[in-house]
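**Q** To convert a position in the sequence shown, counted from 1, into our numbering, add 118. Where is the CB? At the ideal position from N, CA and C, for every residue including glycine.
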Amino acid sequence: MNHLGTINIETKNLRLRRFTSHDATAMYHNWASDDKVTKFLRWPTHHSVEVTQAILNEWIGFYENKAYYQWAIVLKAYGNEPIGTISVVDLDEKLNRVQIGYCLGSRWWNQGIMTEAFRAIIPFFFLQVHVNRIEARHDPKNPNSGKVMLKCGLTYEGTMRQADYSNQGVVDAAIYSLLADDFFTRPDVYEAKLKGYMAEKHMKAEHVHLEKTCHSVQEAAEAVGASPEDLVKNICLIDEHGALIVAIVKGEDRVSTSRVSKALNIERPRTATEEEILQKTGYPCGGVPSFGYEARFVIDPKVMEKDQIYSGGGSEYALVKLSSQELIKINHGVIVRARR
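(1) Near A150, what residues of its chain come up, given a Cβ to Cβ distance below 6 angstroms and the 5 sequence neighbours on each side ignored?
(2) Do A291 and R255 have their CB atoms nearer than 7 angstroms?
(3) Are V187 and T124 close, meaning C-beta to C-beta below 7 angstroms?
(4) Label S139 either buried or exposed according to how many other C-beta atoms from any shown protein chain fall within 10 Å of its C-beta, with 16 as the threshold for buried.
(5) Look at the Cβ atom of G230, then the Cβ atom of G202, and state whether they are nearer than 7 angstroms.
(6) So what does M145 bridge to, in DSSP terms?
(7) Between the beta-carbon of Q364 and the beta-carbon of C354, is there less than 7 angstroms?
(8) Quick one: grab the DSSP three-state call for R458.
(9) Does DSSP put P200 in a helix, a strand or coil?
(10) Between R225 and E309, what straight-line distance do the alpha-carbon atoms span, to the nearest angstrom?
(11) Could you check which residue in A142, A195 and I427 has the C-alpha nearest to that of R133?
(12) Does DSSP put I384 in a helix, in a strand, or in coil?
(13) Please go through the same chain and pick out, in chain order, the residues whose beta-carbon is closer than 7 angstroms to the beta-carbon of L122, but skip the five residues on each side of it.
(14) Are the CB atoms of E434 and G400 nearer to each other than 7 angstroms?
(15) Terminal residues of the continuous alpha helix (DSSP H) containing A291?
(16) Round the Cβ separation of P387 and I356 to the nearest angstrom and send it over; I've been treating them as touching at under 8 angstroms.
(17) Should E412 and K322 be called a contact, given that it needs their Cβ atoms to be closer than 7 angstroms?
(18) Ends of the beta strand (DSSP E) at E444?
(19) Once DSSP output is grouped into helix, strand and coil, what is the label at I240?
(20) So K424 and E347 are supposed to be a Cβ contact under 8 angstroms. How far apart are they, rounded?
(21) Looking only at C-alpha atoms, which of K330, I127 and A172 sits nearest to Y146?
(22) Using DSSP with H/G/I as helix, E/B as strand and the rest coil, what is N175?
(23) With respect to the alpha helix (DSSP H) encompassing L268, which residues constitute its N-terminal and C-terminal limits?
(24) Note the first and the last residue of the continuous beta strand (DSSP E) segment covering Y274.
(25) Just curious, the alpha helix (DSSP H) that K398 is in, first and last residue?
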């Protein structure tokens, strides 16, 4: 695994961050002193803020270890005060597996907060830490915890009898998991990855999700209320050294590998396979964007004739609308004739 430690993660409503020594009072009052919260947990209810402070100091000391993951859940509308926690409670390097545990102040139950927090760390663990399996478990007598796991895409695998313990004693354990293979075949994963890149680069572009896949330029244009001339396609090519070249042409045009070869002064490149496309761009064939990965980008002049264009949006269910000037700004492409 590629351990990165407890990094800051933001969602629409939440901020996941490291705990600080100043969080003890909020942690104590918001959840650690609440018997309703600790009922199905392993640790006892805190009876003083001093107990909370001591635990918090231990956690803060562990942050030096990059294999330690313990987030404070902050509701943006509530200021910078933590209202719960989500963490890795068990980690297996040989299996590339992490087990996630969480708790939330009872005042914030049934508002979708824990689901949003759990969903936020899933791409982090698969895309950046490179885990193979994310696991979570709960006491069957606490079914709401299992609902969070299902909403986050985990699969229920079964219940092990008397396989866990909590403040209730020895209890059954309902097991849920999500594998990397499951994650990387979901279109929303690639779209989220692309939207994250766009936000990071402060791109002036719009990500458009489609209700269904489109099998032609005409269908895609109709889906977004545009003309077929507004769409571009990204043809992935491989040069003699195995490097990626992306030729960007209008949707109705075809790429000339001989023109690309001449323009770049290289041997004639070949078309990339679907496996190579996914490996080198990080996106599946049919959803490859015109930016956001390492490649030599070649932009046909006809593409630059349009003020606004639509490019791949990360999956077959999405497009990105951006200006032609924004395109060349973000991918640093060269403008040469690439069409036949």
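**A** Taking the definition as stated:
(1) Closer than 6 angstroms at the Cβ level, and outside the excluded window around A150, lie H164 and T170.
(2) With contacts defined as CB atoms closer than 7 angstroms, A291 and R255 qualify as a contacting pair.
(3) The question names Val, but residue 187 in the sequence shown is Tyr. The answer is yes: Cβ separation under 7 angstroms.
(4) Exposed: under 16 other Cβ atoms inside 10 Å.
(5) In this structure, G202 does not lie closer than 7 angstroms to G230 by Cβ.
(6) Paired residues: none, contrary to the question.
(7) Reading off the sequence, residue 364 comes out as Val, not Gln. Yes, these two residues count as a Cβ contact at 7 angstroms.
(8) Here R458 sits in coil by DSSP.
(9) Secondary structure at P200: strand, using DSSP grouped into helix, strand and coil.
(10) Answer to the nearest angstrom: the Cα atoms are 33 angstroms apart.
(11) For the residues A142, A195 and I427, the minimum Cα distance to R133 belongs to A195.
(12) Three-state result, I384: coil.
(13) Within the same chain, L122 has close Cβ partners K184, Q246 and V247.
(14) Cβ atoms of E434 and G400: not closer than 7 angstroms.
(15) No alpha helix (DSSP H) holds A291; the beta strand (DSSP E) holding it covers G287 to L297.
(16) With 8 angstroms as the limit, P387 and I356 qualify as a contact, their Cβ atoms being about 6 angstroms apart.
(17) Annotated as distal: E412 and K322, with beta-carbon spacing of 7 angstroms or more.
(18) Looking at the DSSP string, E444 is not in any beta strand (DSSP E); the run it does join, the alpha helix (DSSP H), is S442 to N449.
(19) In the three-state reduction of the DSSP assignment, I240 falls in the helix class, which pools H, G and I.
(20) About 7 angstroms separates the two Cβ atoms, so the contact holds.
(21) Here the closest residue by C-alpha is A172.
(22) In the structure shown, N175 falls within a helical segment according to DSSP collapsed to helix, strand and coil.
(23) Segment P261 to K269, the alpha helix (DSSP H) holding L268.
(24) In this chain, the beta strand (DSSP E) harbouring Y274 covers T273 to S284.
(25) Its alpha helix (DSSP H) spans residues E392 to T399.
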